[in-house]
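Chemist: I have a structure here, written as structure tokens, and I will follow up with some questions on it.
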Amino acid sequence: MSKEITSRAADYAQWYNDLVIKGGLADYSAVRGCMVIKPYGFALWENMRDALDKMFKDTGHVNAYFPLFIPKSFLSKEAAHIEGFAKECAVVTHYRLKNDPDGGGLIVDPEAKLEEELIVRPTSETIIWNTYKDWIQSYRDLPLLVNQWANVVRWEMRTRLFLRTAEFLWQEGHTAHATSEEAVAETRQMLDVYATFAEEFMAMPVIKGVKTISERFAGAEDTYCIEALMQDGKALQAGTSHFLGQNFAKAFEVKFLTKENKQEYVWATSWGVSTRLIGALVMAHSDDQGLVMPPRIAPQQVVIVPIFKGDEQKQIIGEKAAQIMKELTAMGIRVKYDDNENARPGWKFAEYEMKGIPVRIALGARDLENNVVEIARRDTKEKQTVSLDGLPEVIRQLLDEIQLNLYNKAKTYRDAHITMVDDWDRFVELLDEKGGFLSAHWDGTAETEETIKEKTKATIRCIPLDNKKEAGKCILTGQPSEQRVLFARAY
RNA sequence: CGGGAAGUAGCGCAGCCCGGUAGCGCACCUGGUUUGGGACCAGGGGGUCGCAGGUUCGAAUCCUGUCUUCCCGACCA
């Protein structure tokens, strides 16, 4: 009624916007390109953050916090890095406002110009490596394994809720190591952490791979990524992990003394995931009725909707619901009871479906008489009547089943959308008609990559880590190729 | 940053062409009847018409500027 959702078939982009806004995840704000993350969306982020944070701690990392502002001179120390970010930096030039003497309200005080302009961090490599210089003296200080949860700003031309906003929340890990091998191992380890998180918590299958040179992070030697596939057949980079070599160590003079008392530059990594994951989650599982939340990170896993006539029934049902809640909560299940009398049950059913709550329990007087409840699962919309006896265990298993089903469904779709193709015309045709990943040979040159992008808007998403070597001919140029790479149109 | 569309009550919209008392649906408040898939009846409250200038006796309506959003491109996570 009041909250119609555009169907995916009618307008995929609008469907996505509808889910984010009507599902209560976020809103547009008065600031261009910036969004307000609403409590429901932030609860989701908190669950993602908590799960990831634990995984980071379990792999030996600690959290710290570095400044929002970066002196302009820092950013320019690493040539490739500045090249990559210069075009999208917000710059602070003054530190004071004053009343316009001509009565025009507040103006920037021209007297208050900063001696050195400050950049609002688009990422923190430079300020962090400038700091690490002081933290690292000897091999005994290594490895240095630090993560920070922060906001960053990248001045984007065109923004989309969660997928690309001028300001976003993320975590960025920055580590320093004594050897190249150790840094590469760290890079790969964190990529595995991301892949595990995406698959086990978000129920979103991902492909681990390495980026081509042109898709590489500015300042990295190698960029690894996890790539996910959305329901419209477009790929989305869900996380990246970079092997930075000694680029930042050299730019910021970060050296350490080896056991042999020799000065050497340290080896670095950085890795991050952002609130973009929320956009990925929305597009991976949701349907035309609304959001579909994977149980493991759903802000609410179960909602109980009472169905009653009159205060007496409300009272009795409320008591039973409280008991169910207590049992579920004791099992660590996040459950909400909605006895708001302003909305009728049917309205609540639709509302919670839109919010994607995995399991709904309907509890009415009739059920109490029969010692049963009706449970409905969001993913398949199946309903069943089950006994109140042993309900918590049934719910617990159902949540696991939903989690698994979402993953399997997404994986089936994803696997069905990786297409091997060896013919250029077919390649172009598939992009338009089917979408998804196209596994094709590439001659390894940036020129060919660029030409394919110009002709088709498809980019090389990654070279899968488990790729097998296979001689073939480049899809565009026919030049010899030693392996297939994954092409797709991407967010 | 280019091209298109839009901004009027919390939300969705009409009114604008042709200037003259700001309207409809949902939501909200009160009372009543209801409650197993987005209830109904009656009464009621709420709007600097994005913002700033201009034209005019008079501007939601005409003109100029500006801000914001959406869609499509270019750029990028």
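Using the numbering used here, the first residue of the first sequence is number 565, and each one after it goes up by one. Each residue gets a CB set at the ideal place from its N, CA and C atoms; glycine is no exception. For clarity, every value in this text was computed on a predicted model and none was experimentally measured.
#1: How is the beta strand (DSSP E) around Phe781 delimited, first residue to last?
#2: Would you mind giving the Cβ-Cβ distance between Ile974 and Pro769, rounded to the nearest angstrom? I have them listed as a contact below 8 angstroms.
#3: Around the Cβ of Arg722, are there at least 16 other Cβ atoms within 10 angstroms (buried) or fewer (exposed)?
#4: For the region 946-984, which segments carrying the beta strand (DSSP E) assignment without a break, of at least 3 residues, lie completely within its bounds, in sequence order?
#5: Less than 7 angstroms separating the beta-carbons of Leu755 and Lys775?
#6: In or out: Leu892 buried (at least 16 other Cβ within 10 Å) or exposed?
#7: Hey, quick one: how far does the alpha helix (DSSP H) through Lys819 stretch, first residue to last?
#8: Across which residues does DSSP place Glu610 in a beta bridge pair?
#9: What residues match up with Ala792 in a beta bridge as DSSP calls it?
#10: Please report how far the alpha carbon of Lys677 lies from the alpha carbon of Phe781, in whole angstroms.
#11: Would you mind working out which of Val818, Glu1046, Arg596, Arg660 sits nearest Arg724, comparing C-alpha positions?
#12: Does DSSP put Trp921 in a helix, a strand or coil?
#13: Tell me whether Arg1053 sits in a helix, a strand or coil according to DSSP, three-state version.
#14: My output table needs one value for Lys677: the three-state DSSP class, helix, strand or coil.
#15: In three-state DSSP terms, what is Gly809?
#16: What does the Cβ neighbour count give for Lys890, buried or exposed, with the cut at 16 atoms within 10 Å?
#17: On the CB-based measure, 16 or more other CB atoms within 10 Å of its CB, does Val923 come out buried or exposed?
#18: Quick one: any contact between the region 618-626 and the region 697-714, if contact means 3 or more CB pairs under 8 angstroms?
#19: Starting from the Cα of Ala1052, find the closest Cα among Asp582, Glu750, Ala799, Lys1033 and give me that residue.
#20: What does a CB cutoff of less than 6 angstroms around Leu682 pick up in its chain, not counting 5 residues either side in sequence?
#21: Between Phe761, His849, Asp986, Ser951, which lies nearest to Glu933 when the distance is taken from Cα to Cα?
#22: If we count the other Cβ atoms within 10 Å of its Cβ and call it buried at 16 or more, is Ser805 buried or exposed?
#23: Would you mind giving the Cβ-Cβ distance between Ser593 and Val584, rounded to the nearest angstrom? I have them listed as a contact below 8 angstroms.
#24: Considering only their Cβ atoms, is the gap separating Tyr829 from Gln810 smaller than 7 angstroms?
#25: Is it the case that the region 862-878 contacts the region 750-765, given that we only count it when at least three CB pairs across the two stretches are under 8 angstroms?
#26: So is Pro859 buried or exposed if we call it buried at 16+ other beta carbons inside 10 Å?
#27: Among all the DSSP beta bridges, which residues are the ones paired with Met599?
#28: Determine the contact status of Ile861 and Leu927, defining contact as a CB-CB distance below 7 angstroms.
#29: Assuming Leu1002 and Thr1015 are in contact, meaning their beta carbons sit under 8 angstroms apart, how far apart are those beta carbons, in whole angstroms?
#30: If you count every other CB in all the chains shown that lies within 10 Å of the CB of Gln961, and 16 or more means buried, which is it?
#31: May I ask you to report which of helix, strand or coil DSSP gives Ser637?
#32: Counting pairs of Cβ atoms below 8 angstroms between the region 729-738 and the region 834-852, do you hit three or more?
#33: Might you give, ordered along the chain, the residues of its own chain that have their beta carbon closer than 8 angstroms to the beta carbon of Glu817, omitting 5 neighbours on each side?
#34: So, helix, strand or coil for Ala644, using DSSP?
#35: Can you tell me which of the three DSSP states Ser688 falls into?
#36: I'd like to confirm the pairing. Which residues does DSSP put opposite Val992 in its beta bridges?
Modeler: This is what the structure gives:
#1: Here Phe781 belongs to no beta strand (DSSP E), and DSSP marks it neither H nor E.
#2: Going by the sequence as given, residue 974 is Ala instead of Ile. Contact flag correct, Cβ pair sits at about 6 angstroms.
#3: exposed
#4: 947-951, 982-984
#5: no
#6: buried
#7: It is not in any alpha helix (DSSP H) - Lys819 instead sits in the beta strand (DSSP E) that spans 819-821.
#8: In the DSSP output, where bridge partners are listed per residue, Glu610 has none listed.
#9: Leu800
#10: 33 angstroms
#11: Arg596
#12: The residue you asked about is not Trp; residue 921 is Ile in the sequence shown. In the structure shown, Ile921 sits in coil (DSSP, three-state: anything other than H, G, I, E or B).
#13: coil
#14: strand
#15: strand
#16: exposed
#17: buried
#18: yes
#19: Ala799
#20: Phe633, Val656
#21: Ser951
#22: buried
#23: With a Cβ gap of about 13 angstroms, Ser593 and Val584 do not count as contacting.
#24: yes
#25: no
#26: buried
#27: Tyr592
#28: no
#29: With 8 angstroms as the limit, Leu1002 and Thr1015 do not qualify as a contact, their Cβ atoms being about 15 angstroms apart.
#30: exposed
#31: helix
#32: yes
#33: Lys697
#34: helix
#35: coil
#36: According to DSSP, Val992 bridges with nothing at all.
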